[in-house]
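Here the sequence shown is numbered in our numbering, starting from -2 and rising by one per residue.
Note that beta-carbon positions come from the ideal geometry of N, C-alpha and C, so glycine has one too.
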Amino acid sequence: MLLLNIVLLTTSTQILASQFAEPLPRFLDSRADTSGGWALSAPSCPSNVQTCDRFCCPSSMDCVRVAPQSHCCPKGTTCEAVYKASPQCADDSWSLWNRTDLKKGDGYFCCLPGQIGTNSNNCVAGNTPVVATLSAQLLSSAAGGPPSASTSVAKSSKTMATSAGESETGVTSSVSVVSTASQSRTGTPTATPAATSSSSANKISAMHQIGLLGGFLIMARMLL
């Protein structure tokens, strides 16, 4: 009877949970060309791409002008929920960047393959020196495009850090040489106070033993 009550209670609990639970939104569909995404940042748009203020959108999509970044949606649709839930460029051949000086989710934009994104919404050539603090964060590379030039920024920073480390090592080595030289100039090491005290104690002990031996010899002669 107890087992039957437990089974009934478990079943009723599961039924109530399924009735009141709110379904979670799912964005598990594969990437489609019509899903929309962030716009391309460029002073002049490539061919087959329409101008959207300072940005560019594929001709098959609508340009949605929202400060500070613009995005692209399939014509006659609103795709804000999709591209915010899964940030992506409107074109797979672009690279997705994120500004590091804005709140997360407010600084997405896209660049052409091989370009570096900056915190000013600009895309510069891959061989352009960019200070690390001014460079945006690369989130995804262009599909089938060349490796992003943003790695040059990281390599440059690493080189500077390595140079600084070598300089510090050089200073340490110089200190070691000076220390060694100072030891060479001192010549024979001087006895320390602890060594002197130990030597004096040994001398006193030896004299005490000699005195005792002399006393025994005198007493032996008197007895004889």
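Practice task
Report the three-state DSSP secondary structure of Thr130 (helix, strand or coil).
Solution key: helix
Handout entry: Continuous beta strand (DSSP E) stretch holding Val46: start and end
Key = Val46 to Cys49
Practice task
My understanding is that Cys53 touches Cys42, with C-beta atoms under 8 Å, so please give their C-beta distance in whole angstroms.
Solution key: 4 Å
Handout entry: Expected contact under 8 Å - CB spacing of Arg62 and Cys76 to nearest Å
Key = In fact, because the Cβ distance is near 14 Å, the residues do not count as touching under 8 Å.
Practice task
Give the single residue among His68, Ala39 and Pro110 whose Cα lies nearest to the Cα of Gln85.
Solution key: His68
Exercise for the section: Using the Cα positions of Pro40 and Gly34, report the straight-line distance between them to the nearest angstrom. Expected result: 19 Å
Exercise for the section: Tell me whether Val79 sits in a helix, a strand or coil according to DSSP, three-state version. Expected result: helix
Problem - Selected residue, minimal CA-CA separation from Thr74, among Asp89, Ala82, Arg51 and Cys60 - result: Cys60
Exercise for the section: Please classify Gly102: does DSSP put it in a helix, a strand, or coil? Expected result: coil
Handout entry: Contact check, Gln66 vs Gly102, beta carbons under 8 Å
Key = no
Problem - Own chain, CB closer than 7 Å to Leu93, minus 5 neighbours either side, in chain order - result: Trp35, Pro84, Gln85, Cys86, Tyr105, Cys107, Leu136 and Ser137
Handout entry: Coarse secondary structure for Val63, derived from DSSP in three states
Key = coil
Problem - Short Cβ contact (8 Å threshold) for Pro55 with Asp88 - result: yes
Problem - Span separating the alpha-carbon of Ala64 from that of Ser117 - result: 13 Å
Practice task
In angstroms with no decimal places, state the Cα-to-Cα distance between Lys81 and Pro126.
Solution key: 31 Å
Problem - Collapsed DSSP secondary structure at Pro110 in the structure displayed - result: coil
Practice task
Return the CA-CA distance between Ser38 and Arg96, expressed in angstroms with no decimal places.
Solution key: 12 Å
Practice task
Go through its chain and collect everything with a Cβ distance to Gly114's Cβ below 6 Å, but skip five positions before and after it.
Solution key: Trp94, Cys108, Cys120 and Ala133
Problem - Which residues DSSP lists as bridging Cys86, in chain order - result: Trp35
Problem - Length of the line joining the Cα atoms of Ser57 and Thr130 - result: 36 Å
Problem - Extent of the continuous beta strand (DSSP E) run through Cys42 - result: Run containing Cys42: none; DSSP gives neither H nor E here.
Problem - Terminal residues of the beta strand (DSSP E) in which Asn95 lies - result: Ser92 to Asn95
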